[in-house]
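Reading through the structure tokens given below for one structure.
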Amino acid sequence: MPCDVTIDVTEALTAFTVDDGLSPYVDKNNQKLENLAVGAATFDISVALDSNNEAMVFVRATDTKSTKWIFKYSIPDELDGGGKIYVPKRVPTSQAASQADLDKLAQEVESLKESIAGGPR
Numbered sequence: 000m001p002c003d004v005t006i007d008v009t010e011a012l013t014a015f016t017v018d019d020g021l022s023p024y025v026d027k028n029n030q031k032l033e034n035l036a037v038g039a040a041t042f043d044i045s046v047a048l049d050s051n052n053e054a055m056v057f058v059r060a061t062d063t064k065s066t067k068w069i070f071k072y073s074i075p076d077e078l079d080g081g082g083k084i085y086v087p088k089r090v091p092t093s094q095a096a097s098q099a100d101l102d103k104l105a106q107e108v109e110s111l112k113e114s115i116a117g118g119p120r
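Using the numbering used here, count along the sequence shown one by one with no gaps and you end on 120.
Have a look at this one:
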């Protein structure tokens with residue numbers, strides 16, 4: 000059974016390609032999603048699910064700083080409540096580092112610097 004997916008692109012990208020690992024998707028306007036230059040835009044695709052009701056969608060693109068990106072989305076698990084995936088991929092808040100994590104890491108780095116500076120050479 001197919002799953003409707005909206006791809007929400009939030010920044011300018013080149014070489015924008017959306018595929019299933021083998022073939023590029025065609026959106027609902029019959030535009031082949033392969034090697035496109037895009038700005039902020041949305042694309043609606045239909046993703047075929049396997050017998051476990053799962054699929055993978057791959058997005059490859061280059062950003063304005065010439066950084067090449069590959070994002071992998073597990074469908075339907077990574078859809079938001081409205082059936083969207085976001086490009087670039089958003090990190091769930093539960094996986095993002097908290098300020099306390101960053102502060103602790105900074106303290107550990109300072110401690111390592113001090114031990115290296117005071118250690119034998």
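Every residue gets a Cβ at the ideal spot worked out from N, C-alpha and C, and that includes glycine.
Since this is a predicted model, take the numbers as computed values, not measurements.
(message) I want to know whether the region 26 to 44 touches the region 64 to 71 - three or more CB-CB distances under 8 angstroms.
(response) no
(message) One question on the structure: do serine 50 and aspartate 3 come within less than 7 angstroms of each other, judged by their Cβ atoms?
(response) Stepping through the sequence shown from its first residue, residue 50 is reached at position 51. Stepping through the sequence shown from its first residue, residue 3 is reached at position 4. Contact: no.
(request) With a threshold of 16 other CB atoms inside 10 Å of the CB of leucine 21, please say whether the residue is buried or exposed. (result) Translated into the one-based positions of the sequence shown, residue 21 becomes position 22. Answer is exposed; the Cβ neighbour count stays below 16.
(message) On the criterion of 16 or more Cβ atoms from any shown chain inside 10 Å, does alanine 54 qualify as buried, or is it exposed?
(response) Position 55 of the sequence shown, counting from 1, holds the residue named residue 54. By the 10 Å Cβ count, alanine 54 comes out buried.
(request) Can you tell me the Cβ-Cβ gap for threonine 13 and glycine 82, rounded? I've got them flagged as a contact below 8 angstroms. (result) Counting from 1 along the sequence shown, the entry for residue 13 is found at position 14. Counting from 1 along the sequence shown, the entry for residue 82 is found at position 83. Not confirmed; about 26 angstroms, so no contact.
(message) Tell me the residue span of the beta strand (DSSP E) that contains lysine 71.
(response) The count along the sequence shown starts at 1 and reaches residue 71 at position 72. First-last of the beta strand (DSSP E) with lysine 71: 67 to 74.
(message) What ranges does the beta strand (DSSP E) occupy inside the region 8 to 91, keeping only unbroken runs of at least 3 residues that lie completely in it?
(response) 12 to 18, 35 to 37, 40 to 47, 54 to 62, 67 to 74, 83 to 86
(request) Assuming glutamate 10 contacts alanine 39 (C-beta within less than 8 angstroms), just tell me the rounded distance between them. (result) Taking the sequence shown and counting its residues from 1, the one referred to as residue 10 is at position 11. Taking the sequence shown and counting its residues from 1, the one referred to as residue 39 is at position 40. Right, the Cβ-Cβ distance comes to about 7 angstroms (below 8 angstroms), so this counts as a contact.
(message) Along the chain, where does the alpha helix (DSSP H) containing alanine 99 start, and where does it finish?
(response) Here residue 99 refers to the residue found at position 100 when the sequence shown is read from its first residue. Segment 98 to 117, the alpha helix (DSSP H) holding alanine 99.
(message) Using C-beta distances below 6 angstroms, list every residue in its chain close to aspartate 7, excluding the 5 sequence neighbours before and after it, in chain order.
(response) Locating residue 7 in the sequence shown gives position 8, where the first residue counts as 1. For aspartate 7, where only same-chain residues beyond five positions count, the Cβ hits under 6 angstroms are Thr41, Lys83, Tyr85.
(message) Can you give me the C-alpha to C-alpha distance between leucine 35 and alanine 96, rounded to a whole angstrom?
(response) Counted from its first residue, the sequence shown places residue 35 at position 36. Counted from its first residue, the sequence shown places residue 96 at position 97. Distance between the alpha carbons of leucine 35 and alanine 96 is about 33 angstroms.
(request) Quick one: measure Cβ to Cβ for aspartate 18 and phenylalanine 57, integer angstroms, because I've assumed they're closer than 8 angstroms. (result) For this step, residue 18 is matched to residue 19 along the sequence shown. For this step, residue 57 is matched to residue 58 along the sequence shown. So it is a contact: roughly 5 angstroms between Cβ atoms.
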